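A short write-up of the structure that comes next.
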Amino acid sequence: MRRALRRARDGVALDAAEAAVLLQARGADLEQLCATAARIRDAGLEQAGRPGVITYSRKVFVPLTRLCRDRCHYCTFVTVPGKLRKDGHGLYLSPDEVLEIARRGAELGCKEALFTLGDRPEDRWPEAREWLDAHGYDDTLAYVRAMAVRVLEETGLLPHLNPGVLSWTDFQRLKPVAPSMGMMLETTATRLWSEAGGPHHGSPDKEPAVRLRVLEDAGRSAVPFTTGVLIGIGETYLERAESLLAIRKVARAYQGVQEVIVQNFRAKPDTAMRAMPDAELSDLAAAVAVARLVLGPAARIQAPPNLVDAEFALLIGAGIDDWGGISPLTPDHVNPERPWPHIEDLAERTAEAGFALRERLTVYPEYLKRGEPWLDPRLLPHVRALADPATGLAVEGRRPTGLPWQEPEEPMTGGGRTDLFRTVDTEGRTGDRRSDFDEVYGDWDALRERVAVPAPRRLDAEVRAALSTAADDPTKLTDDQALALFQADGDALDALTRIADELRRDTVGEEVTYCVTRNINFTNVCYTGCRFCAFAQRRTDADAYTLSLDQVAERAEQAWQVGATEVCMQGGIHPDLPGTAYFDIARAVKERVPGIHVHAFSPMEVVNGATRTGLSIRDWLARAKEAGLDSIPGTAAEILDDEVRWVLTKGKLPAATWVEVVTAAHELGLRSSSTMMYGHVDTPKHWLGHLRLLAELQQRTGGFTEFVTLPFVHTNAPVYLAGIARPGPTARDNRAVTAMARLLLHPHIPNIQTSWVKLGAEGAAEMLRSGANDLGGTLMEETISRMAGSSWGSYKSVRDLEAIAALAGRPPGSAPPPTARCPRNAAPPPSPRTATCPGCSPCWSDARPGGGWMDVRWSRRIRPALRIQCVCCPTPPTERPPPVMPLWSRAQQQDFRSRVRGCLLGGAIGDALGAGIEFEQLEQIRAAHGEAGVTGYVPAYGRRGTVTDDTQLSMFTVDGLIRAHISRDTGAWHPPSDVHRAYLRWYATQQDWGPDERRKDLGWLGREEWLYERRAPGNACLTGLAGTGAGPLPTVEEPRNPNSKGCGTVMRAAPFGLLTAWEPALVFQLAVECSVLTHGHPTGYLSAGAFAVIVHAVARGGTLEEGVHLALALLSERPGHEETTAALRAALDAVRAGVPSAERVEELGEGWTAEESLAIGLYCALVAEDVRSGLLLAVNHSGDSDSTGSICGNLLGALHGETALPPELLAELEGRGAILELADDLVLELLHGPELHGTEGWNTRYPVGV
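Note that this note's numbering has the sequence shown beginning at 5, numbered continuously upward.
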């Protein structure tokens, strides 16, 4: 303690251990600690220009709703709908109630409206969802936003919003209506959230990592933010210290934490923690003092005055400088038993400690002085009306009055250096950096700590092996091999670029393409804080400009007159531009030049427009399309890894939001480019992840027109000037990235574009020899790269582009000259199920052999491979062999086998758990087995652990798939036929007493006598297979049982998902075509396809959530998908609704239909703490317990592997040996099939052609 006190007194930075020691200071030690903290506080107030002043905010408390999806064990604020109704209250305060509170507060001189509410109540309470729907709000945050605007306009009070956990996008929505926001961190002790009995257990929004991300997103969004710690809820002193240090880390990195509350726990009656002792005031004083030492003199530290038992002097002496919000009107709804002190009394007690009490606004003076981007321009009139311009504090005694809150009436007024696009080449920029360089981008020193460590060099042997794979089939490159190739140099690099160039020639030919286009950057005013960007200016900077609508349209018209077919329009995130300005820009161009293609608005601009208008991203894009938008640039991607993004940018959209935007655009028919900016603080690992993600997105949406390599231009980039980033990529990097883009994006994105603006003519020509085939555009003007320091100009003529092609060795005469390609919307994005060529999605169901639409399905006529002519790309016909497994390491093969075994065994265990209670109601199950329901096997069909038709059919599905792969070698490659024949063999087990040894096609599985037990098979399966041994196979257009959508089609579909070498769309199609053999309703067969795709995702090592989202994307293009889509979304919604229970399962249905069984099995897998808990939840409900248990078991087994399965359930499982044998045979076939085909043993086990 003495050492820690001495170090604190000497101003040495404390670590967590020292802070934890000081938190235990008492008596004389506490006095010494407080004296040090008070001295630091006083120095900070002196520096802030208000020595001897302690502040407070005069506020009203607006409890917008007391409903919440969380269950904090100490909270009395949150309640339930029934109690609100019983007490005569609405689920939400009505607008009239909100305004009544605000008006009365304004009359009493209050200046802050504190909006407090529970986290996303609509995710837990259907009544809240119904209220929002009835009143026209998409969610609770939309209502918060609307009420904040009403308060601003009708009363003039300044909203301070406490709506709980917010995403980056949520901050963009709410920032224009509130000068400040807040959320208590409370603690970083994860165990208090994750362990049963903890104060935050069962509260999804109280996970410390989630709350820390909120603090970071607030800083990235330039929102003045209030946070704090809650002491005495069970945390240790070390955990308390770590919480304060976590706040310091965020505050230092983003400079957005405007105040820190140190609050002491007070036990409340009628809560789970009512017996917990209150935090001692000495504990609180020590915590305040340590917070001051950790956070420093510039921090504003607050203690709630109604929780300190009148020990005001103690807390002032400990280092606070603020008493927080105090209301002369409303109670503290969070601590209703603790009334606020009267402001006059608090002023008197503060004066007794030697300080003056002064009123502040909800936003602190420091942020008012900083100005943009910390305060939205639409709030400036409201804040200035109440702020003392000299101090930034509140004008004492001034009553607020309502002022309009609205978008600027003339958003696109031209001004500034509008000729920058031309003069940047002749006169250059005014300076190499902005005057606020040391402030606007956050803390540079904190940033340096986050820069990734460069990857180790790869061995030559690894590179040689990877080159061999790339030359043979680049789609088989493993991640390790790709990383090795990214680092190739010398002869290896030459070999890599040759391979890429040959692939380019085979894919798109010798033609070099370009677009006659003009770039129009309509404003460079931006406060986002991208650290790589030298384009952004403050509105007062010498180089700042904004074009008027007429100037934008005029430039588009000029481009059209000289032959341009496209304009590419992007701009900074100007704080004055309304979200509708983008519509105005597109409309102005289309009105002036109707025939030009409008390629405009990066995903960042899309999000900005959506949040400013209050529209969803999808709705905003639809409105933009109506206004004239034709496609969007895939810029703002940089590196799609937040580890890198949060170094490169302070406030730009996260990677997930970028994906959301481009996905929505593609689904609406708006195609986009895709990009990657590299060579700054990134490593090859990030390049690989970025390209893999783009390839995956293209397979899902088909909407990318090209991939553009964007080398980082470092010269004037802030992150380089600060000494953090590298000076751009090397020539080796450029060649390797271009070549690897060609290889890793093949066959999904055939067009690879290089940037002459960033590389010059020689550099661009080199990239054309390294795998690129496109030169971008003529541009006519280019400002962004030129402001960053690019020296290659901003315009190229067609003749210039021809010269670049000639430098690359493709001059006119020896190859086709550069060709002006058509605008990006010449063809709609191919749907996820339309496959035509290696450049498109890989499903074989719709193809055009040689020309003319023709459904060749799993063609028996074109053998052994499909020869397909591309439907939408000028690609020559290509031989498309059936998929084969990649070459895996031994560890990867073992992992795959574990997942296959886990999937089949897990499904069987779930089936057996539910078999004995399949037809019982939940009440009957609980009456017979206790409140928890069954906790293990119960007798069914005469014994424990018996399986049903669910497991039987799954096994015969595997048998059919193995034989389909064997049949491929005979030229009869039609998997649905082989699966159909397998189902007919199962049908025979339901009719015969035992194996018919006269049949030559039984194989080993057909001779398993235990499978001849009839276990309540579904009627649709029996009638669907009866009498179908001859004649044409049922199809989607002419299915069996067209009105049947029973769960029998889903519970057998998991094995299709184990074909991990196949693309998801092909897996989906196969499951569908095998489903219509017995179940013809779209909901039935689409549910089977969706289930197979989810299994496929987790068997490949993905998450369940990734699988669900992929399934939803594939479903969206299918007629009749609505019920299946709704069921999947209901399962996801149920996960967010609260603690799992049988009652919540039954809200999803009983599982008799395909979509219900899928939803229940998926939900139980998503919420499962382990395999056992998930399976028990999946069977203990009214309805088809064995099918829902089987589906859940398939998913959890594929996700976790066989070793995660409960051993005692495995031990009693009927047919365990046969299931294991079948699983291993499937793995052998998929990994080593060619070595087995033709051998006597394998042919005996799986006879084909007999």
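Note that the Cβ used here is the ideal one computed from N, Cα and C, for glycine as well. Since we're looking at a predicted model, the values are computed, not measured.
Around L121, the same chain offers L68, T69, P167 as residues with beta carbons nearer than 6 Å, after the five sequence neighbours per side are excluded. Fully enclosed alpha helix (DSSP H) runs of no fewer than 4 residues occupy 212-224 of the segment 206-233, in order along the chain. Minimum Cα-Cα distance from V169 among the listed residues W650, D336, D209 corresponds to D209. Judged by DSSP secondary structure, G764 falls within the alpha helix (DSSP H) whose first and last residues are 760-772. By the 16-neighbour rule on beta-carbons within 10 angstroms, T544 is exposed.
Proximity of the segment 238-253 to the segment 17-36 meets the contact definition, three or more beta-carbon pairs being nearer than 8 Å. For D326, the three-state secondary structure derived from DSSP is strand.
Beta-bridge annotation (DSSP): G1050 is paired with T1157. Under DSSP, no beta-bridge partner is assigned to P273. Assignment of M1055 by DSSP, reduced to helix, strand and coil, places it in the coil class. Using a Cβ-Cβ distance cut-off of 8 Å, the segment 1084-1096 and the segment 1054-1063 are in contact, since at least three pairs of beta carbons, one from each stretch, lie closer than that value.
Taken in chain order, the complete alpha helix (DSSP H) segments of 4 or more residues contained in the segment 369-418 are 369-374, 384-388. Look at C572 here: in three-state DSSP terms it is strand.
For G613, the secondary structure class from DSSP, reduced to helix, strand or coil, is helix.
Using a Cβ distance threshold of 8 Å, Q262 and P228 count as a contacting pair.
Only residues of its own chain outside the window of five on either side were considered, and among them L145 have a CB closer than 7 Å to the CB of D174, listed in chain order. In the DSSP secondary-structure assignment, H164 is bridged to L118, S184. Within the DSSP secondary-structure output, C537 pairs in no beta bridge. A direct Cα-Cα distance of roughly 15 Å separates E927 from G918. Contact check for L365 against P385 fails: the beta carbons are separated by 8 Å or more. A Cβ-Cβ separation of about 13 Å leaves V1076 out of contact with H1100 under the 8 Å criterion. With contact defined as three or more Cβ pairs closer than 8 Å, the segment 172-188 and the segment 133-142 are not in contact.
Contact between the segment 628-648 and the segment 598-610 is present, with at least three C-beta pairs closer than 8 Å. Spatial neighbours of E211 in its own chain (CB-CB distance under 6 Å, excluding positions within 5 residues in sequence) are listed in chain order as W197. Under DSSP, C519 forms a beta bridge with G781. Closest in alpha carbon position to A769, among H752, L749, R739, M744, is R739. Membership of F1095 in the alpha helix (DSSP H) is indicated by the continuous run 1086-1103. Separation of the CB atoms of Q757 and E710 is rounded to 5 Å, and the pair is thereby assigned contact status at 8 Å. The distance from the Cβ of E1159 to that of T1207 is about 32 Å, inconsistent with a contact at the 8 Å cut-off.
Around the beta carbon of K115, 16 or more other beta carbons sit within 10 angstroms, so the residue counts as buried.
Beta-bridge partners assigned by DSSP to E363: Y60.
Shown here for E370: not one same chain residue has a beta carbon closer than 6 Å to its own, the five before and five after excluded. Contact between the segment 1115-1132 and the segment 1209-1219 is absent: fewer than 3 CB-CB pairs across the two stretches fall below 8 Å.
For H718, there is no enclosing alpha helix (DSSP H), as DSSP gives it neither H nor E.
A residue is called buried once 16 or more other Cβ atoms fall within 10 Å of its Cβ, and R177 is buried on that count. In this structure A255 is not in contact with L285, their Cβ atoms being roughly 26 Å apart against a cut-off of 8 Å.
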